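Participant: As you go down the protein sequences, you meet chains A and B in turn. First residue of the first sequence? That's 1 in my numbering, and the numbers climb one at a time after it. First residue of the second sequence? That's 1 in my numbering, and the numbers climb one at a time after it.
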Amino acid sequence: MTALLQLTLLGLKLNFRNRMAILYGYLFPLIFLVGFWAVYRSDPVPLALHLGQFLTVTILGSACFGLPTTIVSERERGVWRRYCLLPAPGWVFLASVLLSRAVLLVTAALLQLALAFAFGMPAPAHPLDLAVAFSAASFAFLGFGLVIAMLVDNVPAVQALGQCIFLPMLMIGGVAVQLESLPAWAQHLSLFFPGRYAVEALQLSTTGMGLSRAGFDFATLVLTGVASAIAAGAMFRWDKAFAPRRAWLLLAIGMWVAIGFVVETRGLASVSAVKDTRQVGSARDYAPAPPTAKVAPASWHDVTQADIDGIDFKRLPPDEGIVSPFSRGDEVPDPVILPVLDRIRDGLPGWSPGNVSDPVQRARNLLAVAAVPDILQMEQVERFVPRLVFARLQAVIPPRDLPKILYWIAMHPDEGDDRAMHQLGAFGFPDVTGPTKPVRGRVMLYAFKLLGRLAGPLPNN
Amino acid sequence: MTKALTVAGLSRRYGAIQAADGISFEIAAGEVFGLLGPNGAGKTTTIECVLGLVRPDAGSVQVCGIDALAQPQDARAKTGAVLQATGLPDKITPREALDVFGAFYPVPLKTDALLDRFGLREKQDAAYDTLSGGQKQRLALALAFVGDPQLLVLDEPATGLDIQMRRELHGHIREIRATGCAVLLATHDMDEAAQLCDRIAVIADGRIVATGTTAELIAGSGGSLEEVILKLTGAAR
Chain A
1 MTALLQLTLL GLKLNFRNRM AILYGYLFPL IFLVGFWAVY RSDPVPLALH LGQFLTVTIL
61 GSACFGLPTT IVSERERGVW RRYCLLPAPG WVFLASVLLS RAVLLVTAAL LQLALAFAFG
121 MPAPAHPLDL AVAFSAASFA FLGFGLVIAM LVDNVPAVQA LGQCIFLPML MIGGVAVQLE
181 SLPAWAQHLS LFFPGRYAVE ALQLSTTGMG LSRAGFDFAT LVLTGVASAI AAGAMFRWDK
241 AFAPRRAWLL LAIGMWVAIG FVVETRGLAS VSAVKDTRQV GSARDYAPAP PTAKVAPASW
301 HDVTQADIDG IDFKRLPPDE GIVSPFSRGD EVPDPVILPV LDRIRDGLPG WSPGNVSDPV
361 QRARNLLAVA AVPDILQMEQ VERFVPRLVF ARLQAVIPPR DLPKILYWIA MHPDEGDDRA
421 MHQLGAFGFP DVTGPTKPVR GRVMLYAFKL LGRLAGPLPN N
Chain B
1 MTKALTVAGL SRRYGAIQAA DGISFEIAAG EVFGLLGPNG AGKTTTIECV LGLVRPDAGS
61 VQVCGIDALA QPQDARAKTG AVLQATGLPD KITPREALDV FGAFYPVPLK TDALLDRFGL
121 REKQDAAYDT LSGGQKQRLA LALAFVGDPQ LLVLDEPATG LDIQMRRELH GHIREIRATG
181 CAVLLATHDM DEAAQLCDRI AVIADGRIVA TGTTAELIAG SGGSLEEVIL KLTGAAR
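(1) Quick one: grab the DSSP three-state call for residue 14/B.
(2) Could you spell out where the alpha helix (DSSP H) holding residue 79/A opens and where it closes?
(3) Quick one: what does DSSP say residue 86/B is sitting in, helix, strand or coil?
(4) In angstroms, rounded to a whole number, what distance separates the CA positions of residue 157/A and residue 146/A?
(5) Quick check on DSSP: helix, strand or coil for residue 152/B?
(6) Residue range of the beta strand (DSSP E) that residue 177/A falls in?
(7) Please work out which residues of its chain come closer than 8 Å, Cβ to Cβ, to residue 47/A, disregarding the five sequence neighbours upstream and downstream, and give them in chain order.
(8) My assumption, with CB atoms under 8 Å, is that residue 140/A sits in contact with residue 198/A. Please give the rounded CB distance.
(9) Is there a Cβ of chain A sitting closer than 8 Å to that of residue 71/B, yes or no?
(10) With H, G and I counted as helix, E and B as strand and the rest as coil, what does DSSP make of residue 216/B?
(11) Expressed to the nearest angstrom, what Euclidean distance is found between the alpha-carbon atoms of residue 283/A and residue 393/A?
(12) How is residue 192/A classed by DSSP in three states: helix, strand or coil?
(13) With distance defined between alpha-carbon atoms, name the residue in 193/B, 132/B, 143/B, 144/B nearest to residue 165/B.
(14) With 8 Å as the threshold, decide whether the Cβ of residue 199/A is near any Cβ in chain B.
(15) Whole angstroms are fine: how far does the CA of residue 111/A sit from the CA of residue 30/A?
(16) With a cut-off of 8 Å, do at least 3 Cβ pairs link the region 172–184 of chain A to the region 6–24 of chain A?
(17) In three-state terms, what does DSSP make of residue 33/B?
(18) For residue 79/B, which of helix, strand or coil comes out of DSSP?
(19) Kindly confirm or deny that the region 51–65 of chain B and the region 94–101 of chain B touch, where touching means at least three C-beta pairs closer than 8 Å.
(20) Tell me whether the beta-carbon of residue 337/A lies closer than 8 Å to the beta-carbon of residue 380/A.
(21) Tell me the DSSP bridge mates of residue 211/B?
(22) Does DSSP classify residue 239/A as helix, strand or coil?
(23) Since residue 25/B sits in a beta bridge, which residues does DSSP pair it with?
(24) Can you tell me whether DSSP reads residue 60/B as helix, strand or coil?
(25) If you reduce the DSSP assignment to three classes, tell me which class residue 18/A lands in.
(26) Between residue 91/B and chain A, is any beta-carbon pair separated by less than 8 Å?
(27) Under a CB-based cut-off of 8 Å, is residue 76/B close to chain A?
(28) Beta carbon of residue 25/B, beta carbon of residue 208/B: below 8 Å?
(29) Is the Cβ of residue 86/B closer than 8 Å to any Cβ of chain A?
(30) What is the DSSP secondary structure of residue 69/B, reduced to helix, strand or coil?
(31) Within 8 Å, do at least three Cβ pairs link the region 347–365 of chain A to the region 28–37 of chain B?
(32) Once DSSP output is grouped into helix, strand and coil, what is the label at residue 184/B?
(33) 8 Å is my cut-off, CB to CB: does residue 74/A come that close to chain B?
(34) Does residue 351/A come within less than 8 Å of chain B when only Cβ atoms are used?
(35) With DSSP as the reference, label residue 127/B as helix, strand or coil.
(36) Verify the CB distance criterion: does residue 4/B have a CB-CB separation below 8 Å to chain A?
Rendered as structure tokens:
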């Protein structure tokens, strides 16, 4: 154990003495992060919706290039042949390389997260789940990195084979390019690349419902990791003079294929339509100014039925879309998210921002509970929270006042205090950072949608 | 008394080439045993089988009574080796290498003592890729000694060394023989073999064609050692 520890520490030291290793290990992940930030700069919340992607890129880079390059270059120079003369089995040396690589990977990821926070990314909703998902993804891909290391004889071959894995995974595997942006054929193909499952597991731990919703993704990562580790162990060689047992490669690749086949044939993953990127717009997009020179209400007390009748509810985003989704009345939530919905329902009465004395601010705060999961695209949950908020609004605001207040909020989305959106930890939501305007936009949309249900134009079944 | 190394009926084939063909010999404690033969004769294959780098097709290897094929880790704990075509990470220092390699042995020799013994004190914190060829070879020897071995295996250790370094190396080999450690030395340098070895096995085409002291080998043919070896290895072809 002492030898393993010393060898691992030495591996870390040697890495930090190698400028190129530092460049590849730390600078490239940060460059990728800045790239994601730049490409998705119009996101309502900086980087949070892409954390799964950029962390997977980091893991893949380490697995496809960093790990195998270290092993293969040392083996080429006879270092492993020298290790073989020591009184220890091969797994000790592999374990030390993996351990030091894991430390480098974790520190690179922490550095990425620190920069992402500096850019305004909110803290992940489930940090422990994120750590577990990161470990599973690292296990899966570093395992395959070992397979690459055992398969090839020299560093240029590592680069070539690494690119063959890395680039397709990034471009059509759902890692760098989001699945919704890919054509249907590529989305089907991505089922055979484990990068997709890594992104999903990491993302669900960040802005979703945690690993409880990513059991399948987690299992696929563990399975691919186990298959790769077994294959790499069987292909292990101290010296490039000995040919690897290439047939074992079929086990590692076969697991990818088997998982993709099961997912495809059992319909475990859906092919998404092209993402709805509709802009939220302003209040006037939904309530055009009347042709006559009617005076706008001076306060919510002055709102009239005529004002409400002037709203064109048909212009609102569809309830089934990505922007401001709203579940049907007869829609049954997935049992997995029921505890989350129960937590919100039970927590709303005691949530202090939802009980402030000013009824308009109270309603604004409660609408933020629906708006934030929508901004964070918290799958499924975002569709059901508006109904819980609707019920709570009806309980704490008199029926006579609620339509007027909703109208007022919808027409004045930039007014009022928005600190409530940072107090949603009680419901298990991550904090929302960055400009608050996007959240205010969703508050406006939900105010319109709830008003439409109260006033009649929108179905409330 | 248990022999430091016992090799019996060792055979290894690479495709159509029979690299080792029924090699057998023994080395006693404190004995320097030479494997002498031309390039490609089977010296390195024999050594690789002894060290467990290559699994033989047939035969057995015992290090200090331990079956090296069944218990390779135990056998390696008693063995030190300097092989051709081995290296170390570019940025490792001699001190770090000795510390880490020593951690694998139950009772390693002190790093400072080895640095002094092999003249590496001044370069103890220098990166491996900045060391001269001679310094690298000294470090390789120091690493072979770090586990306080009972068997030292050297495969062409003087290759590429200048005369001074070669003398230094020979001094180290004599020193270790004096401590009771057995040495298996593979070389094609007949002077080196004649100077250092208590006994020599002449190897050609994967077989041992003669074994004995230098005097015995010369006495058998009536020429110099060089002539004897040429005659023996030529005859094997």
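Glycine residues also receive a C-beta, built at the ideal position from the N, C-alpha and C atoms. Predicted model only: the values in this text are computed from it and were never measured.
Facilitator: Short version:
(1) Against the second sequence, residue 14/B aligns to sequence position 14. Strand.
(2) Sequence index remark: in the first sequence, residue 79/A carries index 79 (1-based). Segment 79–83, the alpha helix (DSSP H) holding residue 79/A.
(3) Residue mapping note: residue 86/B aligns to position 86 of the second sequence, counting from 1. Residue state, collapsed to three classes: coil.
(4) Within the first sequence, numbered from 1, the residue matching residue 157/A stands at position 157. Within the first sequence, numbered from 1, the residue matching residue 146/A stands at position 146. Roughly 14 Å between the two C-alpha positions.
(5) Working through the second sequence from its first residue, we reach residue 152/B at position 152. Three-state result, residue 152/B: strand.
(6) For the purposes of this step, residue 177/A is identified with residue 177 of the first sequence, where counting begins at 1. That residue, residue 177/A, is in no beta strand (DSSP E); it is neither H nor E in DSSP.
(7) Taking the first residue of the first sequence as 1, we reach residue 47/A at position 47. If we look at residue 47/A and ignore the five residues flanking it on each side, its Cβ neighbours are 33, 36, 37, 40, 54, 116, 119, 120, 121.
(8) Locating residue 140/A in the first sequence gives position 140, where the first residue counts as 1. Locating residue 198/A in the first sequence gives position 198, where the first residue counts as 1. 7 Å between Cβ atoms; contact.
(9) Counting from one through the second sequence, the residue named residue 71/B turns up at place 71. Residue 71/B is outside the set of residues whose beta carbon lies under 8 Å from a beta carbon in chain A.
(10) On the second sequence, residue 216/B is found 216 positions in, with the first residue counted as 1. Reduced to three states, the DSSP call for residue 216/B is helix.
(11) In the first sequence, residue 283/A corresponds to position 283, counting from 1. In the first sequence, residue 393/A corresponds to position 393, counting from 1. Whole-angstrom Cα-Cα distance: 21 Å.
(12) Counting from 1 along the first sequence, the entry for residue 192/A is found at position 192. Three-state DSSP puts residue 192/A in coil, outside helix and strand.
(13) Reading the second sequence from its first residue, position 165 is the one you call residue 165/B. Considering only alpha carbons, the answer is 132/B.
(14) Taking the first residue of the first sequence as position 1, residue 199/A is located at position 199. So, not an interface residue.
(15) Taking the first sequence and counting its residues from 1, the one referred to as residue 30/A is at position 30. Taking the first sequence and counting its residues from 1, the one referred to as residue 111/A is at position 111. Approximately 8 Å, taken between the alpha carbons.
(16) no
(17) If you number the second sequence from 1, residue 33/B lands on position 33. Correct three-state label for residue 33/B: strand.
(18) As a first step, residue 79/B must be located in the second sequence, where it is residue number 79. If DSSP states are grouped into helix, strand and coil, residue 79/B belongs with the strands.
(19) no
(20) Taking the first sequence and counting its residues from 1, the one referred to as residue 337/A is at position 337. Taking the first sequence and counting its residues from 1, the one referred to as residue 380/A is at position 380. Closer than 8 Å, so yes.
(21) In the second sequence, the residue the question calls residue 211/B occupies position 211. In DSSP, residue 211/B forms a bridge with 201/B.
(22) If you number the first sequence from 1, residue 239/A lands on position 239. Residue 239/A: coil per DSSP, three-state reduction.
(23) Against the second sequence, residue 25/B aligns to sequence position 25. Residue pairing by DSSP places residue 25/B opposite 7/B in a beta bridge.
(24) If you number the second sequence from 1, residue 60/B lands on position 60. Strand, per DSSP.
(25) For this step, residue 18/A is matched to residue 18 along the first sequence. Coil, per DSSP.
(26) To locate residue 91/B, count along the second sequence from 1; it is residue 91. Yes, contact with chain A.
(27) Residue numbering aside, residue 76/B sits at position 76 when the second sequence is read from its first letter. By this cut-off, residue 76/B is an interface position.
(28) Here residue 25/B refers to the residue found at position 25 of the second sequence. Here residue 208/B refers to the residue found at position 208 of the second sequence. Yes, the pair counts as a contact, with Cβ atoms nearer than the cut-off.
(29) Counted from its first residue, the second sequence places residue 86/B at position 86. Closer than 8 Å: yes.
(30) Position 69 of the second sequence, counted from the first residue, corresponds to residue 69/B. Under the three-state reduction of DSSP output, residue 69/B falls in the coil class, being neither helix nor strand.
(31) no
(32) The residue labelled residue 184/B in the question sits at position 184 within the second sequence. Residue 184/B falls in the strand class under three-state DSSP.
(33) The sequence position of residue 74/A within the first sequence is 74, counting from 1. For residue 74/A, the answer is yes, since a Cβ of chain B falls inside 8 Å of its Cβ.
(34) In the first sequence, residue 351/A corresponds to position 351, counting from 1. No, residue 351/A lies away from the interface with chain B (no Cβ there is under 8 Å from its Cβ).
(35) Residue numbering aside, residue 127/B sits at position 127 when the second sequence is read from its first letter. Residue 127/B: coil per DSSP, three-state reduction.
(36) Along the second sequence, read from residue 1 onward, the residue named residue 4/B stands at position 4. No - not a single Cβ of chain A is within 8 Å of the one on residue 4/B.
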